[in-house]
Amino acid sequence: MGRDREIERILQCVTRQPGSPQALLLLGEEGIGRTTLLHHARELAAGEGRLVLSAQGWAADHRHARACLQQLLVPVLDELPGLPAAHGRVLSAAVSPAAQDGGPDDGQVQTALLALLDRLAASRPVLVCVDDVHACDHAFLDALCAGIRLLAGRPVGLVLTARGEVSPPGLPPGTETLHLGPLSVPSAAALLDRQPDAPAGRRRLEILEEAEGNPSALVGLSRRAPTASRAAGAAGAAVPCPPTAQGFAARLDALPPETGRALLYAAAAEPGESVACLMTALDTEDLAVWAPAEASGLVSLVEDRLAFRHPLARSAAFSRHPAGERQRAHLDLAAVVARPESRARHLATATLSASEPVATALEDSAGRHGNAVGTARALEQAARLSPQRPERTRRLAAALVAAHAVGDADWVRDLHARFVQEPGDPELVCVATGALASMLSLESSQREAFDLLADVSEHFPLVGRPVALMVTAVAAGICVQSGLPEHRAGLNTLVDRARQAGHAPESDRSRPPVTELGGRLEEALDALVTAVVRATASPTATASSASPGGPKGTPPAGPDTPARRTAAHAAAYLADEADLCLGQFRETDAQLGAARAFGIRGSTVSALVDTLVGIGWFAEAEALIREAMAEATVLRLPRIRADLEAQALALEALRGTVPPEPGLTPSVWRAVCLDENRATHARLLRARGLAAIALGDWDGAWRHLRALFTVDGSPLHPLLSPRSIAELAVVAQRTSRCDEVVPVLARVRAEQGDRPSTRMTLLLHHAAALVEPDENAERDFQLALVNPEAERWPWERAHARLNYGIWLRRCRRTREARQQLTTVLETTERLGAGALAAAAARELRASGAGARPGAAPTPDNAGLLEQLTAQQRQIVDLAARGLSNREIGEQLFLSPRTVGSHLYNVYPKLGVSRRQQLRDLLQDR
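When you read off a place in the sequence shown, starting at 1, and then add 1067, the result is the number in my numbering.
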């Protein structure tokens, strides 16, 4: 899991593909997955019909120098009689348990092993797999490597694993080393979630952080009792040691007592704590205390930092000590650490009962952690240690808000379940409910989330306008995501209640605000709510609750905080003005990413991707999609993943790189109810429509894009559906369905009002030029292109210009058409919009224009096949003749999977998406 690149390289070695090495070494630390990958290599080889010989090094076998050789030869002992007599006797004696030290010498064994491998390879390919080669006897390794060197031309492969960062000496020349690093966070999370009784919420995030991507640590820590965390209380019996950590117990037991105590302090400290701090807590200046642990491979000491070599070594070093010693370690560390948040954590871990001073220290230092996870964890501990119910409830609400900022739904639910057991005042109830509802929305449950907020709005007269507006802003975001008419109607009720709310009661003003992390956002929230009401209201609706709010895209004045800017950017996105504050939008997103606040970031990341794609920053949009997808995968937020998958597919379509069979993750889309997530549904329909266009499936494109509007022409989603009106018109013209789009266009135009945004003006005129009477087409094309402000949306403007050029060419105004089409080609090449560039190149050729000097290759320029390797040209030629992947593989001695991979990489280079197009391409040449 999470080793696709490594598995692909192993596959190449096992199947001896051209350019692959004869010998491959998998190198990595303990528990990183070397043995699992080697097992996979054996299965791959066996599936390919190869003979697999295996051995595993084991330090305890050094008393028997030929243990590895014995393991290797067990499956082929019956082949020994077929060897020359001398070689057969040597190997028989070498593997005999009675041989001990009186057997044949190493030179004889090496010669005999070479003869055996040569004989085996004569009948079928052989793969030799040796695990933990660093623990094998040197004579065996020398004999094996010598045999591989001398059989370089024979079908014999070698896959080895070794621990550490340095390759063992004596490996065959040309051995490729594959360094195995930690799993990516999404892969680590997927592995953790597959474990029996997998942890959830805060504990899950702690394990992911503590395991550092090490697979064995993930498995081991997941089986530890929930209270066994280093952050848990220090009292009670010894902490159960994870089963897989018991392998470190022998090494720890062999250490001197003073070294064991030093490792306890190091394990209790936060990762990265200075050695000087640890030495002060230990009350010693002798660095030699660490030497035995370094010699045993448990820790490494570099400059002023000590690091455990394996996460389970840290766990074992902590858990093996009694509770009193662990408590003493935390108290000693609390007395010497410099950072207030570290001191508060150690005191809290060592505290056995409620303590207001410790709870206050945790709360006061919570914001100093620099990330939302640390803040939420500190506030949760503060609530646990609060002796008075009012303070406990308030801190629990604050922890809930911080956990929402993290974006972990299970953590939020757990905290909310504990919060509702404590009687809270209306303000805290509103804040806690707002956090829970926002989290439900990120998951996909829009109806449940909105109903919670509608119920809690009854408290608005008691809580004051800022809190009421905060809850209403959450409801506004849900309204945009759901696109449901009942939510648009319900939002107006909430807005009226929020704006009628007064100030918080005087008695409550001295209390620290639970929303301090987001600052005071009253103006920004007011602007956001106003923007949502405007964007989702029908033209005949009376937005009595919509205050002027300020110019579109203009952030309200006030303190500049990430949360405030998030609200302002969301409002600008709704008004099609997000590009004007893009610099701040990106900066805010980066700050939220650094703070691990995906719960806040996730609510606007799709809007930022839409903006980046709209202004033509495709590369940055793709990078953001990958980054946000990883976060959403780890936090198990299917709705966010669905949005990002749809946006990724749309981006591939714009670039002209859609695979022949574009796929979406079924488990993600099964978890999202599209009926109550119409924004996600609209993104999906547009993405599939664009992908169908890129693949030449115009009828499929019509089905998807037409579904963005109901039968009577009303938009599926009030914001996103109208933004696809021009694309729908293009497909309607291509499929002779213009009459069906005219009423839809009229409905969209009416709902945009008298002053649509610059972008919508462009799109509306573009659509009108394509589907309305032809005598008005040129006027509409010119109105679509006349405003230089529309250059802020370069792809959509180039799309309109392309269709204008096509219209001009068909009107036999060739010279004007070439001017328009040349501009389109220049723009789309700069953007990397391959699909539009290819269309512009085709139309230019149809107008009689040749290729521009120095033009970037497009799918229609000559010489495309010269970009391909010789093998890729062979595959393209056979595919164009109609051969299947399996038939091509049989002719070229490749697996069908390899053939498919080559075709997937070749299609974008040739500007095609189907085999039929390959035939046409080759016929043209």
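Every residue gets a Cβ at the ideal spot worked out from N, C-alpha and C, and that includes glycine.
query                                                                                                                                                                          : result
Give the secondary structure of Phe1960 by DSSP, where H, G and I count as helix, E and B as strand, and everything else as coil.                                              : coil
Check each candidate in Val1534, Gly1174, Pro1148, Arg1191 and name the one with the smallest Cα separation from Leu1120.                                                      : Arg1191
Under 8 Å, with one C-beta from each stretch per pair, do the segment 1142–1154 and the segment 1069–1076 reach the 3-pair mark?                                               : no
Mind checking Gly1756: buried by the 16 CB within 10 Å criterion, or exposed?                                                                                                  : buried
Should the segment 1529–1538 be regarded as contacting the segment 1755–1769, the criterion being three or more beta carbon pairs within less than 8 Å?                        : no
Take the Cβ of Pro1323 as the centre, count every other Cβ of all protein chains shown within 10 Å, and call the residue buried at 16 or more, exposed below.                  : exposed
Between which two residues does the beta strand (DSSP E) carrying Ala1278 extend?                                                                                              : Here Ala1278 belongs to no beta strand (DSSP E); instead the alpha helix (DSSP H) covers 1268–1278.
Which stretch, first to last residue, makes up the beta strand (DSSP E) that contains Thr1244?                                                                                 : 1243–1246
Please go through the segment 1862–1923 and give each complete beta strand (DSSP E) segment of 3 or more residues, from N-terminal end onward.                                 : none
Once the 5 residues before and after Pro1810 are set aside, which same chain residues still bring their CB inside 7 Å of it?                                                   : Gly1780
Tell me which same chain residues have a C-beta within less than 7 Å of the C-beta of Ala1421, skipping the five on either side of it?                                         : Leu1452, Ser1453, Pro1454
So, is Asn1744 buried or exposed, given that buried needs 16 or more other C-beta atoms within 10 angstroms?                                                                   : buried
Going by alpha carbons, who is nearest to Thr1178 out of Ile1215, Val1193, Leu1319, Pro1552?                                                                                   : Ile1215
Using only CA atoms, which one of Asp1260, Tyr1974, Val1403 lies nearest to Pro1726?                                                                                           : Tyr1974
Rounded to the nearest angstrom, what separates Ala1355 and Met1346 at their Cα positions?                                                                                     : 11 Å
Alpha carbon to alpha carbon, what distance is there between Thr1603 and Ala1793?                                                                                              : 20 Å
Could you spell out the range, first to last residue, of the alpha helix (DSSP H) harbouring Phe1375?                                                                          : Run containing Phe1375: none in the alpha helix (DSSP H); it sits in the beta strand (DSSP E), 1372–1375.
In chain order, what residues of the same chain have a beta carbon less than 6 Å from the beta carbon of Pro1222, not counting five sequence neighbours either side?           : Ala1188, Pro1192
First and last residue of the beta strand (DSSP E) that includes Ala1229?                                                                                                      : 1223–1230
Where are the alpha helix (DSSP H) runs, 4 residues long or more, that stay fully inside the segment 1714–1755, in chain order?                                                : 1733–1737
Can you name the residues that DSSP bridges to Ser1367?                                                                                                                        : Ala1374
Scan the segment 1126–1203 and note each continuous alpha helix (DSSP H) run of 4 residues or more that stays entirely inside, going in chain order.                           : 1134–1140, 1152–1161, 1173–1190
Give me the residue from Ala1947, Leu1245, Ala1219, Leu1183 with the minimum Cα distance to Glu1075.                                                                           : Leu1245
Secondary structure at Gln1089, three-state DSSP: helix, strand or coil?                                                                                                       : coil
What separation, rounded to the nearest whole angstrom, lies between the Cα atoms of Gln1079 and Arg1459?                                                                      : 59 Å
Kindly give me the distance between the Cβ atoms of Ala1913 and Leu1892, rounded to whole angstroms, as I take these residues to be in contact under 8 Å.                      : That belief does not hold up - the Cβ atoms of Ala1913 and Leu1892 are roughly 13 Å apart, past 8 Å.
What are the uninterrupted segments assigned as beta strand (DSSP E) that are 3 or more residues long and contained completely in the segment 1636–1664, given in chain order? : none
How close, in whole Å, do the beta carbons of Ala1521 and Ile1545 come, if the pair is a contact with beta carbons under 8 Å?                                                  : In fact, because the Cβ distance is near 10 Å, the residues do not count as touching under 8 Å.
Does the separation of the CB atoms of Ala1540 and Ala1634 fall below 9 Å?                                                                                                     : yes
Assuming Ala1090 contacts Thr1326 (C-beta within less than 8 Å), just tell me the rounded distance between them.                                                               : That belief does not hold up - the Cβ atoms of Ala1090 and Thr1326 are roughly 39 Å apart, past 8 Å.
Would the beta-carbon of Asp1399 fall within 9 Å of that of Leu1368?                                                                                                           : no
Check the DSSP bridge columns for Gly1095 and list the partner residues they point to.                                                                                         : Arg1230
Using the C-alpha atoms, what's the distance from Ala1316 back to Pro1310?                                                                                                     : Residue placement at Pro1310 is flagged as unreliable, the pLDDT there being 49, under the threshold of 50; a coordinate-derived value is accordingly withheld.
Tell me, please, which residues DSSP counts as bridged to Phe1776.                                                                                                             : Pro1782
Can you tell me whether DSSP reads Val1487 as helix, strand or coil?                                                                                                           : coil
Assign Ala1265 to one of three DSSP states: helix, strand, or coil.                                                                                                            : coil
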